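Numbering (the working numbering), first residue to last: 2 to 207.
Rendered as structure tokens:
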């Protein structure tokens with residue numbers, strides 16, 4: 002006699018199982034079902050947004066082009082000081098050893114400062130022509146120095162001219178700093194302002 006086995010009939014599926022126990026739908030890839038053109042458009046749109054963000058961040062860090070006239074003014078002021086120091090250093094007019102030292106120091110310092118400024122402006126896509134680098138009052142300064150040569154007062158006049166030019170240069174740096182929003186530009190202008198301050202202090206000791 003075989004032992005009696007329990008037999009359970011297979012459960013009949015509930016017609017409402019799809020409501021009570023819904024199966025989670027498979028997640029589709031983001032670009033699934035998109036045409037090739039659609040995918041390209043989405044990718045390009047994403048790249049465009051990234052580019053806009055990059056431009057905004059770069060502008061915040063470096064400063065925009067709204068300070069262009071102020072920066073050009075600084076560069077032209079630098080050019081005039083460089084011209085004056087070169088003429089004094091290479092000219093035949095006798096100048097004191099103290100004046101000669103400050104002329105050499107000023108020439109080297111301002112030449113380096115202008116190189117840094119023009120490099121920064123190039124990075125900001127600010128174009129500067131040779132004509133723009135001409136100091137507006139250059140003719141008046143030249144006339145003052147020429148008159149000093151004729152009057153044999155070149156040495157003290159050179160001192161006074163350099164002091165006036167460095168003072169105006171300092172003011173131009175301060176104005177450009179106020180119109181510059183980027184960190185890099187402000188740091189550069191602040192450094193050059195401090196350098197001009199040191200040069201003026203050296204002049205005051207003469």
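Even glycine gets a Cβ: it sits at the ideal position worked out from N, Cα and C. Every value quoted in this text rests on a predicted model; they were computed, and no experiment measured them.
Exercise for the section: Closer than 7 Å by C-beta to residue 169: which residues in its own chain qualify, once you throw out the five before and the five after it? Chain order, please. Expected result: Excluding residues within five positions, the ones whose Cβ falls inside 7 Å are 78.
Exercise for the section: Just the C-alpha distance for residue 68 and residue 177, rounded to the nearest angstrom, thanks. Expected result: Each residue's CA atom was taken as its position, placing residue 68 and residue 177 some 7 Å apart.
Exercise for the section: List the endpoints of the continuous alpha helix (DSSP H) containing residue 96. Expected result: First-last for residue 96: undefined, no H or E at that position.
Handout entry: For residue 191, the nearest candidate out of 129, 118, 153 (CA to CA)
Key = Out of 129, 118, 153, the CA that lies nearest to the CA of residue 191 is found in 118.
Practice task
Indicate the three-state DSSP secondary structure (helix, strand or coil) for residue 181 in the structure shown.
Solution key: DSSP places residue 181 in coil when its eight states are reduced to three.
Handout entry: the segment 97-115 contacting the segment 43-52, beta-carbon criterion three pairs below 8 Å
Key = These segments do not touch.
Practice task
May I ask you to verify whether the segment 133-140 touches the segment 88-100, counting CB pairs closer than 8 Å and requiring at least 3?
Solution key: Too few Cβ pairs lie closer than 8 Å, so no.
Problem - CB contact flag (residue 121, residue 175, <9 Å) - result: In this structure, residue 175 does not lie closer than 9 Å to residue 121 by Cβ.
Problem - Rounded C-alpha distance that separates residue 90 from residue 45 - result: Rounded to the nearest angstrom, the gap between the Cα atoms of residue 90 and residue 45 is 58 Å.
Handout entry: Contact under 9 Å by Cβ, residue 86 with residue 104
Key = It is a contact, given that the beta carbons lie within the stated cut-off.
Practice task
Rank 88, 128, 37 by C-alpha distance to the C-alpha of residue 76 and give the top, closest one.
Solution key: Taking only the C-alpha atoms, the option nearest residue 76 is 128.
Handout entry: DSSP three-state assignment for residue 92, whether helix, strand or coil
Key = In this structure, DSSP gives residue 92 a state outside helix and strand, which the three-state scheme calls coil.
Handout entry: Which listed residue (73, 36, 159) has its alpha carbon closest to that of residue 211
Key = Nothing about residue 211 can be read from this structure; the chain reaches only from 2 to 207.
Handout entry: Contact check, residue 139 vs residue 188, beta carbons under 9 Å
Key = Taking the C-beta atoms as reference points, residue 188 is found no nearer than 9 Å to residue 139.
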